[in-house]
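A short worksheet on the structure shown next.
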Amino acid sequence: MRKHPRTLIRLALAAALCVPFVSAQDKPAPAKPDPDLTLERIFAGREFAAERFGPARWMSDGASYTTLEASPDGRGRDLVLYDAASGARRVLVPAARLVPAGADKPLDIENYAWSPDGKVLIVFTDSKRVWRQNTRGDFWTYELATGRLGRLGRDFEPATLMFAKLSPDGRKAAYVVKNDLYAEDLASGRVTRLTFDGGPEVINGTSDWVNEEEFGIRDGFRWSPDSAAIAFWRFDTSRVPVFTMIDNTGGLYPSTVSFKHPKPGQPNSAVRAGVVPAAGGPVVWMKTPGDPSETYIARLEWAGSSREVVLQHLNRLQNTLTVLLGEAATGETRAVFTDTDATWVEVMDDFVWLEGGQRLLWLSERDGWNHAYSVGRDGSAPRLLTPGDYDIVSIDAVDERGGRLYVTASPADPTKRFLYRVRLDGRGQPEPVGPAGRTGVHRYDISPSARWAFHTFSRLDEPPVTEIVRLPGGEAVRTLAANTALRAAVDALARRRAEFFRLPVGGGLEVDGWRLLPPDFDPAKKYPLLVYVYGEPAGQTVQDGWGGSGYLWHLLLAQKGAIVASFDNRGTPAPRGRAWRKSIYRQIGILASADQAAAVRAALAAWPYADPERVGVWGWSGGGSMTLNALFRYPDLYKAGISVASVPDQRLYDTIYQERYMGLPAENAEGYANGSPITFAKDLRGKLLVVHGTGDDNVHYQGFEKLVDELVAHNKAFSMMAYPNRSHGIYEGRGTTLHLYTMFTRFLEENLLAGPKSR
């Protein structure tokens, strides 16, 4: 339930709702269009899989890029170089060059990167999952000039390296093995161990569980620009309590999985930032203020040179963020900027230096909107770059030569996303990029020269198209992934297009929403209303971008006679100003569920064809918690609900997320109790299905069992399903996703979808 970085487009659907990607040539021959959806078509086939483009990488010249394409002989994938302007294509690294000695097939490229000069390729393969992502595996380097292919860390066990990356000069690589850092000389193969205390309780160069989940720290080290040193995180987890999960299905006897997990109010890891010579030697530790177990280092980078590092240092309540510059040689630090808020302060994901390294680009809500500023290295006052009553969603590129900043925003409609250019001197109005009359969600991956970009656009019910565009105008040059077959399959379905709207919910407040009506909708009939909810600060459901298999399942329910809708309450990360987002501070679950209930009442009042006797709600993770709050707090309004992977008691989640929005439990005990659905479980009257994976390391199965215990204590009837060893996405294991949504659908058919009634 990590707070998604705000410099990324935020996606609210759970991982289990994402559509898999397949290459166009792998798609089956189109069959006769069938207007009616089935669960098997959505979750067990490939009919609605999207066309793959990439992974693509812009080259340092800013005018060309590489991507992966299937080799003509079907053996592996070639790395192909394209000229952005002309589309001229050249196979740069044929798959046949990536066959290791003694092997009979090329490396299966899962990810890759280039050295800054484009002469050395590093390939990630044979990956293994570590919590949320596949971050452990094998890394190979390939030199274009010599054709030499070699595996990094040859003396280590296969598939044990993490985050290997090339030095800026392309001569060395560094990586993590079993929580220690190593550097390797590519020419000689000589490996130098850089840290020596890594183990079960000390982590160097990567992250502990909670900092990975909530701050996104996985790759925990950075090469200096001169390739002579490495800055890295160190986490001492010795005081962090241990959480244990049970695996009952892996063998004849149960086994356990234990890891350090700090729940609200419990001890955190002690975090430090250090600099170590790439040739080996003593570590210089940055002298950060405060108790290292009561503060966070949310970001760490080199400060535009090899002499200093820059850190984002947070207090435990996360309401004060200090930008520190640290001397690599001495560890002395000085503050150059401090951002504060009465609630919480957002972390800035990327350090971008302006004016030759004299100023730092920053995002802050200090004036009530999420705006871009430039912050002086000398500690001088920040300069506002994007004045106006609108939020910057992300900074996408800086064109210093042209004096422009490219940002994603949507000043008029928080459900959309568009690209704008703004002046770096802070004057003038934002200039939209691309043709007039655009709608939907637009994402851009801009080249280093800011002359070209990969542009992907979609709508909630319209699959994505990816093209290459020329900047600054945004004119399309070539289509890279048209998704023609997918778009045709979706267009052939019996459906009405998604409708977006605003509803008044009292006090002059309106909430954004979308709805899907049944294809054969008759306003003279009464239809059940199913609300898809998330509602927490980590996600926004009402966004006009392709909804994937989540949209398709909602459409299937609409075909079965339901009105499916979603509303964004206050506290969701919509670009509607700081007050909108921060209003839920210290009352997670309370204000949001009240807004959701008010939105349902407003919908029932505005839609006479929505049956007030058949209102349902469902959600995942934070949305699962919101579903419980809806059923328990407003039992007269909601008649049925599906709660997946929920947090019934906020004291059971983790420190960073829960304390950011609720404060410490000792200081806000009433808020923690009143915001937790379990407090109101005694008031359940509707039909409830609760679902959880027993191997969920994120939202623990512990909470599910506590909720079940509370419902039993009050003699409440409910349905439950536990999926053995499944994680938070509940997708592992053969047939899991189809089984899950079959169960969801059956529950709704039995308890909500009795078909339209005459009014």
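Residue numbers (this note's numbering): 8 to 766. Think of the CB as a built atom: it goes at the ideal place given N, C-alpha and C, for glycine as much as any other residue. In this text, all values refer to a predicted model and were calculated from it rather than measured experimentally.
Annotated three-state conformation of Trp309 is strand, per DSSP. Counting along the chain, Phe228 sits inside the beta strand (DSSP E) bounded by residues Phe228 to Trp230. Under the three-state reduction of DSSP output, Val497 falls in the helix class.
Along the length of the stretch 617 to 647, whole alpha helix (DSSP H) runs at least 4 residues long occupy 629 to 640, reported in chain order. In this structure, Gly441 sits near Leu426, with a CB-CB distance shorter than 9 Å. When the alpha-carbon of Val405 is set against those of Leu659, Tyr397, Val198 and Val414, the nearest one is in Val414. The three-state secondary structure of Asp406, taken from DSSP, is strand. For secondary structure counted as the beta strand (DSSP E) over 3 or more consecutive residues, the stretch 415 to 441 holds these complete runs in sequence order: 425 to 430. Fewer than three beta-carbon pairs drawn from the stretch 293 to 306 and the stretch 686 to 695 are found closer than 8 Å, and the two stretches are therefore not classed as touching. A Cβ-Cβ distance of about 6 Å is found for the pair Arg366 and Val382, placing them in contact under the 8 Å criterion.
Taking one beta carbon from each stretch, the stretch 623 to 633 and the stretch 648 to 656 have 3 or more pairs nearer than 8 Å; the two touch. Collapsing the DSSP output to three states places Val317 in a strand.
Under the DSSP assignment, Met728 falls in the beta strand (DSSP E) whose first and last residues are Ser726 to Tyr730. Considering only Glu372, Ser234 and Arg143, the residue with the shortest C-alpha distance to Asp176 is Ser234. Distances from the CA of Leu168 to each of Gly154, Arg225 and Val127 were compared; the closest alpha carbon is that of Arg225.
For Gln709, there is no enclosing beta strand (DSSP E); the residue is found in the alpha helix (DSSP H) stretching over Tyr708 to Ala720. By the Cβ criterion, the stretch 433 to 451 is not in contact with the stretch 525 to 532, since fewer than three pairs of Cβ atoms, one from each stretch, lie closer than 8 Å. Residue burial annotation: Pro580 is buried, with at least 16 other C-beta atoms found within 10 angstroms of its C-beta. Distance from the CA atom of Phe464 to the CA atom of Gly555, rounded to whole angstroms, is 13 Å. DSSP, reduced to helix, strand and coil, places Pro684 within a helical segment of the structure shown. Taken through DSSP and simplified to helix, strand or coil, Val354 comes out as coil. By the Cβ neighbour-count rule, Glu677 is exposed, with fewer than 16 other Cβ atoms within 10 Å of its own.
Counting of Cβ neighbours within 10 angstroms places Asp498 among the exposed residues, the total staying below 16.
Here Gly515 is exposed: its Cβ has fewer than 16 other Cβ atoms, across all protein chains shown, within 10 Å. Relative to the Cα of Phe461, the nearest Cα in the group His378, Arg504, Pro479 and Met750 belongs to Pro479. Assignment of beta-bridge partners to Trp459 by DSSP yields Arg477. Where Val130 is concerned, the enclosing beta strand (DSSP E) starts and stops at Val127 to Val137.
Within its own chain, the residues whose Cβ lies closer than 7 Å to the Cβ of Gly272, once the five positions on either side in sequence are excluded, are Leu671, Pro672 and Ala673, listed in chain order. Inter-residue distance for Ile453 and Asp403 is about 7 Å (C-alpha atoms, whole angstroms).
When only Cα atoms are considered, Lys172 and Arg178 end up about 11 Å apart. DSSP places Ser556 inside the alpha helix (DSSP H), whose first and last residues are Gly555 to Gln566.
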